[in-house]
Amino acid sequence: MRLFKSALLAGSLLAVNICAAGAFAATQDIVDTAKAAGNFTTLVKALQISGLDKTLKGKGPYTVFAPNDAAFAKLPAEDLNALLADKKKLPAVLKYHVLKNDLPVKEIKKLDLAPTMQGYDLSIHKNGDKVLVDSGEIIKADIKCSNGEIQEIDTVLMPKDW
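Everything in the sequence shown is counted per this note's numbering, starting at 668 for the first residue and increasing by one.
Set out below in structure tokens:
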């Protein structure tokens with residue numbers, strides 16, 4: 668009986684911890700959630716440099732197609748450094764990753780185009796279970812935040828005429 672009670676208590680504590688972790692993630696804004704994830708360090712740095720971090724800490728709602736650090740690492744170092752130093756281009760490129768509404772991936776799949784905060788539309792393509800946003804694939808979907816969602820992607824998106 669004692670063993671059963673111990674197992675029941677351990678299971679209950681595990682369930683509480685899992686629920687608390689899920690609730691905690693949704694209480695953080697997009698920027699703080701990206702920081703806590705640990706694999707968006709270049710994106711967070713770019714948001715801070717551009718000042719867009721202040722917007723994405725606001726009420727929202729927003730959906731951010733967030734390139735992870737591996738996506739930024741695909742860019743040649745000199746191109747990445749030039750982008751981070753360009754006060755006009757950096758905010759525009761980052762805004763190209765942001766929608767002014769909260770869209771889970773099941774809603775994104777219904778779209779062909781998604782208007783960005785930057786002004787251009789992203790093209791949405793479905794290929795089986797894969798969802799492509801322009802040239803980037805959503806590799807982790809529906810990271811809930813207090814002011815929207817993060818959709819992790821594997822590519823830094825650039826407007827087509829750049």
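Where a beta carbon is used, it is the ideal one built from N, C-alpha and C, also for glycine.
Cβ shell of residue i (< 8 Å), same chain only, five flanking positions each side left out
i, result
"T783", "K762, Y763, H764, V765, L766, L789"
Reduced DSSP secondary structure (H/G/I, E/B, other) of residue i
i, result
"K702", "helix"
"T822", "coil"
"A690", "Low confidence applies here, because A690 scores a pLDDT of 46, under 50, leaving its location unreliable; read the following figure in that light. Residue state, collapsed to three classes: helix."
"S802", "coil"
"P758", "helix"
Distance, residue j Cα to residue i Cα
i, j, result
"I820", "D809", "11 Å"
"F707", "P734", "7 Å"
"T730", "P743", "27 Å"
"G725", "K811", "15 Å"
"A688", "Q818", "Here A688 scores only 42 on pLDDT, less than 50, and its place in the model is too uncertain to base an answer on."
"Q715", "T722", "10 Å"
Nearest-angstrom Cβ-Cβ length linking residue i and residue j, presumed shorter than 8 Å
i, j, result
"L778", "I791", "5 Å"
"L824", "F732", "7 Å"
Residues of its chain near residue i, where Cβ-Cβ distance is below 6 Å and the 5 sequence neighbours each way are ignored
i, result
"S717", "L757, P758, L761"
"A737", "none"
Spatial neighbours of residue i in its chain, beta-carbon cut-off 7 Å, leaving aside the 5 residues before and after
i, result
"H728", "The sequence given here has Pro at residue 728, not His. Taken in chain order, the residues that qualify are N768, D769, N814, G815."
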